[in-house]
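Below: the structure, in structure tokens.
Number of protein chains: 2
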Amino acid sequence: MNFCSNCGSNQLQFIVPEGDNKQRFVCPDCDTIHYQNPRIIAGCLPVFEGKILLGKRAIDPRKGYWGLPAGFLENGETPEEGALRELHEETLAKGHIKHLQSVFSLPQFNQVYLIYLVDLISDEMGTTSETLESKLFEVKDIPWEDIAFESTTFALEEYLKNPEAKMTKRGHFIWEKEKRFGI
Amino acid sequence: MNFCSNCGSNQLQFIVPEGDNKQRFVCPDCDTIHYQNPRIIAGCLPVFEGKILLGKRAIDPRKGYWGLPAGFLENGETPEEGALRELHEETLAKGHIKHLQSVFSLPQFNQVYLIYLVDLISDEMGTTSETLESKLFEVKDIPWEDIAFESTTFALEEYLKNPEAKMTKRGHFIWEKEKRFGI
Ligand SMILES: [Zn+2]
Ligand SMILES: [Zn+2]
């Protein structure tokens, strides 16, 4: 942040405002405090006749690896709406929300994921600009070695422990470059 | 948003970027797309020996009404850390996370609430700049007529239906001025 988005000042200070205990970008010209907060990623764990829909990522990070449909929640949306929108945008599939399946955060990246268990209404799906391939996997065929993110593995494993459980699983993940990318 | 926070340009356009389907603030001078996303409020439903801790709000909106300790999640925090931080900041109480109790959104305000069931470690609590009074309520004494927000009532009611349930309750709330403030 280099300029005040309110008044255009280039005199922004990164200081602790009065009555606060964290550093913020504060504009001395118009007194605006510019808060920066984590963002929400809404996603799906989509199921059809016992099979799980995964998408092969067409974009980095982790292009070519398999993940769950998910993306940034937009202003004006509920997380449920956002999850189903991302499902359709990424895989062309459609479904209904069953319940909140997992919640995990990546505090290093200021992200919180809300993953909903989704019943697909059919096996209709396709490729998109974000997804090289959309595919329903039998549980025994899940490509564990080629899952995009550790958090995806977490959501899948917790689901498979008890597919009927309605509990929300929680976790958080600290990114380790060496571990995540195997380099 | 009046100025580009990256380059200071006053030529921001509110347009749909290429490959997108929503209007964003786009800077024609440095090509930055300024995304705006919902924020997360992390909160607690704090319990001690069967009693529920509520705080009487010292600040608007709904000053003087009773609510659950909650506040904006900060960058670098997990939601669990944020919930316990807000608990202590608002009521001086300390506790442990049991599970995620409710998730609800206020899409009109671009907010998503994550409320955790929390076991208090003691009945120590106090007043703060944000809370006129912190008080443990027996279930029969909960001041239903003076609860700050409809969403607070939702979280409390869902908890009381089955205090032992580990399911996360979901909801969303559309703000109606007449209804909420009774005017
Ligand atoms: Zn300013
Ligand atoms: Zn710019």
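Residue numbers (full-length UniProt numbering), protein chains in the order written: chain A, 1 to 183; chain B, 1 to 183. Glycine residues also receive a C-beta, built at the ideal position from the N, C-alpha and C atoms.
(1) Could you name the residues of the same chain whose beta carbon sits closer than 7 Å to that of Leu100 (chain A), not counting the 5 residues immediately before and after it, in chain order?
(2) Is it right to say residue 201 (chain B) is buried, meaning 16 or more other beta carbons lie within 10 angstroms of its own, or is it exposed?
(3) If Cys4 (chain A) and Cys27 (chain A) are in contact, beta carbons under 8 Å, what's the gap, nearest whole angstrom?
(4) Tell me Gln111 (chain A)'s beta-bridge partners as DSSP assigns them.
(5) Assuming the contact rule is C-beta atoms closer than 8 Å, Gly67 (chain B) and Leu92 (chain B) should be a hit. Round their C-beta distance to whole Å, please.
(6) Only counting runs of 3 or more residues, tell me where the beta strand (DSSP E) segments fall wholly within the UniProt domain "Nudix hydrolase" (37-160) of chain B, in order along the chain.
(7) Quick one: is the Cβ of Asn10 (chain A) within less than 7 Å of any heavy atom of ligand 1?
(8) Chain A beta carbons: is any one of them nearer than 8 Å to that of Gln111 (chain B)?
(9) Let's test the definition: count the other Cβ atoms within 10 Å of the Cβ of Phe14 (chain A) and tell me whether it reaches 16, buried, or not, exposed.
(10) So for Gln13 (chain A), helix, strand or coil by DSSP?
(11) Are three or more beta carbon pairs between the segment 77-93 of chain A and the segment 25-42 of chain A nearer than 8 Å?
(12) Expressed to the nearest angstrom, what Euclidean distance is found between the alpha-carbon atoms of Ile52 (chain A) and Val139 (chain A)?
(13) Would you call the segment 132-147 of chain A in contact with the segment 46-65 of chain A, where contact means no fewer than 3 C-beta pairs closer than 8 Å?
(14) Of all the residues that make up the segment 62-75 of chain A, which are near chain B by a beta-carbon distance shorter than 9 Å?
(15) Any C-beta of chain A sitting closer than 8 Å to the C-beta of Ala155 (chain B)?
(16) I'd like the list of long-range same chain contacts for residue 202 (chain B), defined as Cβ closer than 6 Å, with 5 residues on each side in sequence excluded.
(17) What residues in the segment 42-58 of chain B bring their beta carbon closer than 7 Å to a beta carbon of chain A?
(18) What residue range is occupied by the uninterrupted beta strand (DSSP E) comprising Gly169 (chain A)?
(19) From the DSSP secondary-structure annotation, give me the bridge partner or partners of Phe3 (chain A).
(20) Looking at chain A, is there any beta carbon in it that lies within less than 8 Å of the beta carbon of Phe3 (chain B)?
(21) Taking a contact to mean a Cβ-Cβ separation below 8 Å, would you say Ala70 (chain A) touches Leu132 (chain A) in this structure?
(22) Are there any heavy atoms of ligand 2 lying less than 7 Å away from the beta-carbon of Asn6 (chain B), as far as the coordinates show?
Working from what's here:
(1) Setting aside the 5 residues that flank it on each side, Leu100 (chain A) is surrounded in the same chain by Leu114, Tyr116 and Thr168, each with a C-beta closer than 7 Å to its C-beta; the list follows chain order.
(2) No statement about residue 201 (chain B) is possible, as the shown extent of chain B runs from 1 to 183 and does not include it.
(3) Cys4 (chain A) to Cys27 (chain A), Cβ: 4 Å. Contact.
(4) A:Arg39 and A:Leu106
(5) The pair is not a contact, with the Cβ atoms about 16 Å apart (cut-off 8 Å).
(6) Taken in chain order, the complete beta strand (DSSP E) segments of 3 residues or longer contained in the UniProt domain "Nudix hydrolase" (37-160) of chain B are 39-48, 51-57, 70-72, 95-106, 111-120 and 131-137.
(7) no
(8) It does not: the Cβ of Gln111 (chain B) has no partner Cβ on chain A nearer than 8 Å.
(9) Burial call: exposed.
(10) Strand at Gln13 (chain A).
(11) The segment 77-93 of chain A is in contact with the segment 25-42 of chain A.
(12) 7 Å
(13) yes
(14) Answer in chain order: Phe72, Leu73, Glu74 and Asn75.
(15) no
(16) Any answer about residue 202 (chain B) is impossible in this case: the structure gives chain B only from 1 up to 183.
(17) Cβ contacts with chain A: none found.
(18) Here residue 169 (chain A) turns out to be Lys, not Gly, going by the sequence shown. Where Lys169 (chain A) is concerned, the enclosing beta strand (DSSP E) stretches over Lys169 to His172.
(19) BP columns for Phe3 (chain A) are empty, so no partner.
(20) Chain A, which has a Cβ nearer than 8 Å to the Cβ of Phe3 (chain B), makes this yes.
(21) no
(22) yes
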